[in-house]
Structure formats: C-alpha cells, structure tokens
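If you're matching them up, the sequences are chains A and B in order.
Going letter by letter, the first sequence gives residues 360 to 473 in the working numbering.
Going letter by letter, the second sequence gives residues 1163 to 1275 in the working numbering.
First up is the structure itself, then whatever we jot down about it.
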Amino acid sequence: EAGVAQSPRYKIIEKRQSVAFWCNPISGHATLYWYQQILGQGPKLLIQFQNNGVVDDSQLPKDRFSAERLKGVDSTLKIQPAKLEDSAVYLCASRRTGDYNEQFFGPGTRLTVL
Amino acid sequence: KNQVEQSPQSLIILEGKNCTLQCNYTVSPFSNLRWYKQDTGRGPVSLTIMTFSENTKSNGRYTATLDADTKQSSLHITASQLSDSASYICVVSAGSGYSTLTFGKGTMLLVSP
C-alpha cells in the first residue's frame, strides 16, 4: 500500500510571497488532515477534511491560509502572503473512517520563509 | 482545554540502555492514546495504541502503559539501539467519530554509541 505523498519536500520563499503544498492521501482514506509542525514542537492541526467537506478549520489562519480537497482525494494547502513565522514543516495525514484507525503521515514539506 | 504534557523534553542514553518517557494528559472524553515515533525529516509513525480498558501494550522493544485513573502514560524502550534516536510524541484522541487529536510536544531521544 502506497503511503501519503507530499510535494514539494522543501520550499524556500521570501516573506509576502505565495506558496502551495500538495498532498495525495492513501487510497480509500476519507479523512485528510493538514498539520503545521514548528521545530521542537508537536504537530498542530490546521484543517481536517472528511471526503471533500471541512470538519475542523478552527486553527487555520484564514486571512492567509486556505485549503481545498476537490473530489475528496488530493488536497492543496496555500499560504498567501507568507510570513516569517510560517517557517515550519507542513504535514499531511490521512486515515480511514473509524474511531481507532491510525493516522498515516506523509514526509512533510519543510517551508523556510526568509 | 485538552492538553498533553510530555517529559523529559530531551534525553540522551547509551546504546543498550533502557529508558522511559512520560505523558500526562487532560483530554475529555478520552478515546485512545497513541505513541508515535518521528525520525528526523520524516512524518510520525504509530508505535502503539491503547484504549480506556487497556493498561499495557507492547511492540517489540517498545512497551506502553496507560493509567486512565491518573491520566498518565509511559513508553518504555528496552535495550536501546542507535535507530531509536528520534522524537517520541504522545497523542490523545478525544470523543468519537471525527476524533479530535491532541499532540504532545514530544521527547527528543538521542541514543549514543
């Protein structure tokens, strides 16, 4: 079974520029998550999708961050415009519906904002 | 507010030694607790999962315990190997259905030769 795919793996941009990240979840996983992980901290949930609907985006800075999951499969996360404090690893995870089903994480995209 | 606290923040041990990592949580209603291992530059990978009724779970050299009364969990690593060097993250799931997860900040373990 293929894992969660993310691209790009690394991205360096200047502040006020825009950036987009892509995630392809494991086939059949209805739930998809985007997390922000700042160095030395645990992942922080940004947004959770169930199929193509948003379940939780309470911690998503909506003035600059947006995410979509068209057709309930792939997802993109966009930051526009980026700030220095957005430097972090952005993790995508997916899981099958069910209380105890494991979240499988992708390798992440490391974003550096200069 | 749901919280997960982990200790120590970081730990250095010699190869072959044992160690224990701690996790305290205030998450309600409790559903399950997972320990994840995150290698540098990789996404977290689940090691163990425990529900309310389970108090111990093993995965090779990793043994997790859960005390639901005191809301504490530990992860014991036996006969450590260099490949155990990683961040270990405690994750507690609340409720059911869409399940909100609360992540700890992790314990950074370095196994030294």
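The beta-carbon is built from N, C-alpha and C at its ideal position, and this holds for glycine as well.
Please read all numbers here as calculations on a predicted model, not as lab measurements.
Check	Outcome
Nearest-angstrom Cα separation, counted from T1227 (chain B) out to Q462 (chain A)	20 Å
Other residues of its chain near D415 (chain A): CB distance less than 8 Å, five sequence neighbours each side excluded	L404, I406, Q407
Stretch pair the stretch 366 to 377 of chain A + the stretch 1218 to 1232 of chain B: three plus CB contacts closer than 8 Å	no
Against chain B: residues of the stretch 435 to 446 of chain A by CB proximity under 8 Å	none
Cut-off 8 Å between Cβ atoms - residues of its own chain near L1272 (chain B), not counting five sequence neighbours on either side	S1172, L1173, I1174, I1175, S1247
CB contact check: G1222 (chain B) to chain A, cutoff 7 Å	no
S417 (chain A) classed as buried or exposed, judged by whether at least 16 other C-beta atoms fall within 10 angstroms	exposed
Nearest to R469 (chain A) (by Cα), restricted to the options A:R455, A:Y449, A:N383, A:T456	A:Y449
Interface partners of G467 (chain A) on chain B, CB under 7 Å	G1205
The stretch 1251 to 1258 of chain B in contact with the stretch 1182 to 1194 of chain B per 3-pair CB rule at 8 Å	yes
Supposed contact pair A441 (chain A) and Q397 (chain A) - C-beta distance, whole angstroms, cut 8 Å	The sequence as given places Ile at residue 397 (chain A); Gln does not occur at that position. 14 Å between Cβ atoms; not a contact.
Bridge-paired residues (DSSP) for L405 (chain A)	BP columns for L405 (chain A) are empty, so no partner.
CA-to-CA distance, A379 (chain A) to T1232 (chain B), given in whole angstroms	43 Å
Which of helix, strand or coil DSSP assigns to L398 (chain A)	coil
Runs of beta strand (DSSP E) wholly within the stretch 1164 to 1216 of chain B (minimum 3 residues, chain order)	1165 to 1169, 1172 to 1176, 1181 to 1188, 1192 to 1200, 1207 to 1213
With 16 other Cβ atoms within 10 Å as the buried cut-off, status of T1188 (chain B)	exposed
Beta-carbon separation (whole angstroms), W381 (chain A) vs Q365 (chain A), contact threshold 8 Å	7 Å
CB of C1252 (chain B) within 7 Å of CB of Q1168 (chain B), strictly	yes
Whether G465 (chain A) touches G1268 (chain B) by CB criterion (7 Å)	no
Option in B:F1265, B:Q1243, B:G1266, B:T1262 with minimal Cα separation from K1179 (chain B)	B:Q1243
Per DSSP, cross-strand counterpart(s) of H1238 (chain B)	B:T1182, B:T1225
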